[in-house]
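In our numbering, the protein residues as written are 1 to 357.
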């Protein structure tokens, strides 16, 4: 009996030892699983924290944030102040669409915006980033390139192709062979919105209208006009010729840095003196298309209209991009597109201008 008891005790001991080992292995596995799970949770938490930090950094970072090479590429021995450059949009009005002003409303199909240039703020915006047809507001870019790259005293021979325009097109009345200086053409372009002047400028600066259009699109890209595509130098209707209210602001904001441009857009009328192909003196007097400059529209009290660019086609409606000043001399750019009538266009523009004081 004692022998059997001894055998039973050894068997029981072995079972207990085996059970103990299994329990230990299970505990180790549980511990390992717990450690692994904790590590995974830490990795996930770190990833989430990193994403939140990155999103916050991106939210606070815009085109207007200065670039600092010492932050992007840490290198010893660099003077940090000398390695900073201003952000692309540091001097621009940057913001979201849908900025409202109490009491001001536009039709749903219209784009409109008001930019405070000194404070770099957007006072009002509706459909500011939506595509629109610019009509003759296109000529802001045409004039900008001509002023930047042309010689105003250069004599241009008007070609037949420059005057072959669609019926009803706004023209100054030049004929093939006329001898006109580039400076006169720019005046006719901005004051009277002559499409023949636009075509002649394009051929002179670009060598051809097609090449000039390429130059227009390159300049637009350099200005950050990401919603713009030009197909001609005058703005006659083309489905692939479009822009946005914000891009018009970028274009006009750049053009107003040129004093010749600012001087021309303030003219209520302009007399062009040039010669025919035979050398005979010719002269035409053109009235501005901007009703503020001709007295047909009156700006609100305390507002000075410097000028801008009109545009009108059947598809684009009545459009106006304007530079003005408030009573304290602070500059503003205001843009309205696709008004159903000229009367409504200037009423709507006055509603915007009435808020700048």
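Backbone N, C-alpha and C fix where the C-beta goes; we use that ideal spot for every residue, glycine too.
Keep in mind it's a predicted model, so treat the numbers as computed, not measured.
Hey, residue i and residue j: beta-carbon distance below 9 Å or not?
i: residue 227; j: residue 131; result: yes
i: residue 338; j: residue 110; result: yes
i: residue 276; j: residue 175; result: yes
i: residue 235; j: residue 340; result: no
i: residue 309; j: residue 344; result: no
i: residue 229; j: residue 133; result: no
i: residue 313; j: residue 232; result: no
i: residue 334; j: residue 306; result: no
i: residue 118; j: residue 331; result: yes
i: residue 191; j: residue 265; result: yes
i: residue 270; j: residue 181; result: no
i: residue 184; j: residue 272; result: yes
i: residue 165; j: residue 196; result: yes
i: residue 224; j: residue 89; result: yes
Is it right to say residue i is buried, meaning 16 or more other beta carbons lie within 10 angstroms of its own, or is it exposed?
i: residue 349; result: buried
i: residue 42; result: exposed
i: residue 296; result: exposed
i: residue 315; result: exposed
i: residue 318; result: buried
i: residue 289; result: buried
i: residue 311; result: buried
i: residue 215; result: buried
i: residue 108; result: exposed
i: residue 323; result: buried
i: residue 149; result: exposed
i: residue 278; result: exposed
i: residue 32; result: exposed
i: residue 24; result: exposed
Please list, in chain order, all residues of the same chain as residue i whose beta carbon is under 7 Å from its beta carbon, the five residues on each side excluded.
i: residue 129; result: 97, 227, 244, 246
i: residue 194; result: 170, 171, 172, 188
i: residue 198; result: 139, 142, 189, 233, 234
i: residue 294; result: 268, 287, 288
Which class does residue i belong to by DSSP, given the choice of helix, strand or coil?
i: residue 69; result: Bear in mind that the predicted position of residue 69 carries a pLDDT of just 42, short of 50, making it too unreliable to give a figure here.
i: residue 156; result: strand
i: residue 33; result: helix
i: residue 176; result: coil
i: residue 212; result: helix
i: residue 291; result: helix
i: residue 242; result: strand
i: residue 275; result: strand
i: residue 266; result: coil
i: residue 349; result: helix
i: residue 184; result: helix
i: residue 261; result: helix
i: residue 126; result: strand
i: residue 93; result: coil
i: residue 206; result: helix
i: residue 113; result: strand
Note down, in chain order, each residue of its chain lying with its Cβ closer than 6 Å to the Cβ of residue i, except the 5 sequence neighbours on either side.
i: residue 146; result: 186, 201, 205
i: residue 342; result: 318
i: residue 357; result: 302, 326, 327
i: residue 321; result: 137, 248, 252, 308, 309, 335
i: residue 126; result: 106, 112
i: residue 99; result: 122, 124, 125
i: residue 57; result: Bear in mind that a pLDDT of 44 at residue 57, under 50, signals an unreliable position, so the model cannot answer this.
i: residue 29; result: none
i: residue 114; result: 123, 124, 334, 352
i: residue 238; result: 231
i: residue 120; result: 93
Within its chain, find whatever has a CB closer than 8 Å to the CB of residue i; leave out the 5 residues flanking it on each side and keep chain order.
i: residue 351; result: 103, 104
i: residue 261; result: 143, 144, 147, 190, 255
i: residue 291; result: 297, 342, 346
i: residue 116; result: 93, 122, 123, 330, 332, 356
i: residue 250; result: 92, 223, 224, 225
With a cut-off of 8 Å, do at least 3 Cβ pairs link the stretch 323 to 331 to the stretch 149 to 164?
The answer is no - the stretch 149 to 164 does not touch the stretch 323 to 331, with fewer than three Cβ pairs under 8 Å.
Is the stretch 202 to 221 close to the stretch 255 to 270, with three or more CB pairs under 8 Å?
No contact exists between the stretch 202 to 221 and the stretch 255 to 270.
Hey, is the stretch 143 to 158 in contact with the stretch 99 to 106, meaning 3+ C-beta pairs nearer than 8 Å?
No: fewer than three Cβ pairs fall under 8 Å.
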